[in-house]
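Residue numbers (our numbering): 312 to 372. We put the beta carbon where it would ideally sit given N, CA and C, even for glycine.
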Amino acid sequence: MRPLSSFFHEALGLQALQNSAVMRAIARLKASAEEVERRKQRRENPSEEHMLWCWKHRGIW
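Printed below as a string of structure tokens:
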């Protein structure tokens with residue numbers, strides 16, 4: 312029979328894994344939200360370089 316402390320160690324290890332998974336999920340959501348904001352900013356204020364690229368590839372320029 313295992314000592315009771317080993318169950319606590321397993322539970323704490325599982326909790327740490329869950330916490331790290333939650334932290335990674337939060338980081339992914341935050342990065343995703345930041346990327347959405349960057350794309351929104353680019354759409355609202357495209358750079359001159361980007362506009363020239365679009366014109367060139369659309370055959371306008």
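(request) Report the rounded CA-to-CA distance for I337 versus S343, giving the unit in angstroms. (result) For the purposes of this step, residue 337 is identified with residue 26 of the sequence shown, where counting begins at 1. For the purposes of this step, residue 343 is identified with residue 32 of the sequence shown, where counting begins at 1. The alpha-carbon atoms of I337 and S343 are separated by roughly 10 Å.
(message) Rounding to the nearest angstrom, what Cα-Cα distance links Q326 and L340 in this structure?
(response) As a working note, residue 326 is residue 15 in the sequence shown. As a working note, residue 340 is residue 29 in the sequence shown. Their backbone Cα atoms lie some 21 Å apart in a straight line.
(request) Please report the residue range of the alpha helix (DSSP H) in which I337 lies. (result) On the sequence shown, residue 337 is found 26 positions in, with the first residue counted as 1. From DSSP, the alpha helix (DSSP H) with I337 extends over 315 to 355.
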